[in-house]
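In the numbering used here, the protein residues as written are 203 to 632.
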């Protein structure tokens, strides 16, 4: 295994800080360069990948054992324990191993149901349904219901939840799971979160929805091809794969990301949503592969000899990062759905985590959520906050999302006069 000094003398990697003009050629260059760097460490690609497979197999076996015992694969923690600092060491250990969480009672159930009703009033008062022109992107447009994803960002309900103390408590708790300082650099501030405005899902009873296939969202080809991400994932390519830590934020908050309609300009420690209705576990719910280390498998898998030399297991720009039976079958054994969810619960998953939404036919009950992640203040999120402030003040769609701008003419959206200190700091207005 290479030492830190030896790593400095490994072959340099080509990198592209903007999207390569010829993607196939860039892939044909980066793959042999990555293999050469691994092999210069004294290990073969096969040996490094075998070490990752062993680590993943141990996690999959734990998950399968939990299922056999009838235990929840998803960690479940009461909001009160987070707020009171009484989360146990055992709960924290399971959360770090699984990388996902259900927070029970994050908000009072009646508060969540009231927010749901307020959103309905908000869109109906502003004649959203009369003016809705169809899905603005191909990703959520694939779910098949009309509409399921509302391109609404600035309702009072959403902003009240985003800037609430209860939301901040959970976001800070989750941010602290990460290593956020190293080599004299503070990669993010775990105590302060950026406002990352996202949409609403309202899926009515009786819906047939195609769901969303297994994928992950941290980036696409930029994960292999940009200098900062190459440094972030250096253990995978330096012969030190056993030291790879999916909770280390080093270099992840500074570098560029290739643009596209499915990108996220912000760094999120966790993706998340807050439930606005009760949802049973078999009604088209979120599933994850609850193994944060799975990113090591995804990043190394394209280097094996069965993958075409101009292919990264289907990963390309302007699409989500696909996870498939063809290339990643061992990971999908661990794919696990949510337990039953109540209005006011929140659901969180590590930003690298493989996830999907199950299809549903004739859904029983509503399936309503507000998407609110944990996005700690950092250089990357501070840059994005500038465009978020402009969208907030004008009622436009944020720049990560299709240019639909339904709310720009709605005079009852949440205004600057209603921001509290948390909201102002999250928008960079302090």
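Idealized CB from N, CA, C, for every residue including glycine.
Can you give the Cα-Cα distance for residue i and residue j, rounded to whole angstroms?
i: residue 515; j: residue 223; result: 20 angstroms
i: residue 403; j: residue 317; result: 13 angstroms
i: residue 221; j: residue 433; result: 18 angstroms
i: residue 622; j: residue 398; result: 16 angstroms
i: residue 520; j: residue 467; result: 13 angstroms
i: residue 438; j: residue 498; result: 7 angstroms
i: residue 632; j: residue 619; result: 13 angstroms
i: residue 311; j: residue 281; result: 13 angstroms
i: residue 347; j: residue 453; result: With a pLDDT of 42 at residue 347, under the threshold of 50, the modelled position of that residue is not reliable, and no figure is offered here.
i: residue 345; j: residue 599; result: Low confidence applies here, because residue 345 scores a pLDDT of 36, under 50, leaving its location unreliable; read the following figure in that light. Rounded to the nearest angstrom, the two C-alpha atoms are 21 angstroms apart.
i: residue 471; j: residue 489; result: 18 angstroms
i: residue 359; j: residue 427; result: 40 angstroms
i: residue 380; j: residue 268; result: 25 angstroms
i: residue 337; j: residue 606; result: 9 angstroms
i: residue 233; j: residue 251; result: 14 angstroms
i: residue 320; j: residue 457; result: 39 angstroms
i: residue 592; j: residue 419; result: 25 angstroms
i: residue 613; j: residue 366; result: 23 angstroms
i: residue 304; j: residue 227; result: 43 angstroms
Beta-carbon separation of residue i and residue j under 9 angstroms?
i: residue 473; j: residue 566; result: no
i: residue 608; j: residue 395; result: no
i: residue 513; j: residue 240; result: no
i: residue 594; j: residue 218; result: no
i: residue 553; j: residue 581; result: no
i: residue 533; j: residue 491; result: yes
i: residue 368; j: residue 285; result: yes
i: residue 550; j: residue 451; result: no
i: residue 573; j: residue 475; result: yes
i: residue 548; j: residue 375; result: no
i: residue 421; j: residue 465; result: yes
i: residue 416; j: residue 561; result: no
i: residue 301; j: residue 494; result: yes
i: residue 314; j: residue 540; result: no
i: residue 262; j: residue 536; result: yes
i: residue 325; j: residue 354; result: yes
i: residue 629; j: residue 571; result: no
i: residue 289; j: residue 283; result: yes
i: residue 212; j: residue 248; result: no
i: residue 685; j: residue 446; result: Given a span of 203 to 632 for the chain in the structure shown, any question on residue 685 remains unanswerable.
Does the Cβ of residue i have 16 or more other Cβ atoms within 10 Å, making it buried, or fewer, making it exposed?
i: residue 616; result: buried
i: residue 483; result: exposed
i: residue 169; result: Limits of the chain in this structure are 203 at one end and 632 at the other, which puts residue 169 out of reach.
i: residue 578; result: buried
i: residue 508; result: exposed
i: residue 349; result: buried
i: residue 331; result: exposed
i: residue 430; result: buried
i: residue 542; result: exposed
i: residue 528; result: exposed
i: residue 405; result: buried
i: residue 443; result: buried
i: residue 624; result: buried
i: residue 292; result: exposed
i: residue 329; result: exposed
i: residue 259; result: exposed
i: residue 323; result: exposed
Can you look up residue i in the DSSP assignment and give me helix, strand or coil?
i: residue 356; result: coil
i: residue 566; result: coil
i: residue 205; result: With a pLDDT of 47 at residue 205, under the threshold of 50, the modelled position of this residue cannot be trusted; read the value that follows with caution. Coil, per DSSP.
i: residue 554; result: coil
i: residue 523; result: strand
i: residue 559; result: strand
i: residue 506; result: coil
i: residue 227; result: helix
i: residue 549; result: strand
i: residue 321; result: helix
i: residue 474; result: strand
i: residue 501; result: helix
i: residue 489; result: strand
i: residue 232; result: helix
i: residue 463; result: coil
i: residue 578; result: strand
i: residue 631; result: coil
i: residue 369; result: helix
i: residue 596; result: helix
i: residue 539; result: strand
i: residue 608; result: helix
i: residue 573; result: strand
Answer yes or no: does any C-beta atom of chain C fall closer than 9 angstroms to that of residue i?
i: residue 301; result: Any reference to chain C falls outside this structure, which holds one protein chain only.
In chain order, what are the residue ranges of uninterrupted alpha helix (DSSP H) at least 4 long that sit wholly in the segment 372-459?
Segments of the alpha helix (DSSP H) lying fully in the segment 372-459: 424-427, 429-434, 436-439.
What are the complete beta strand (DSSP E) segments, minimum 3 residues, inside the segment 243-314?
Runs found: 278-280, 302-306.
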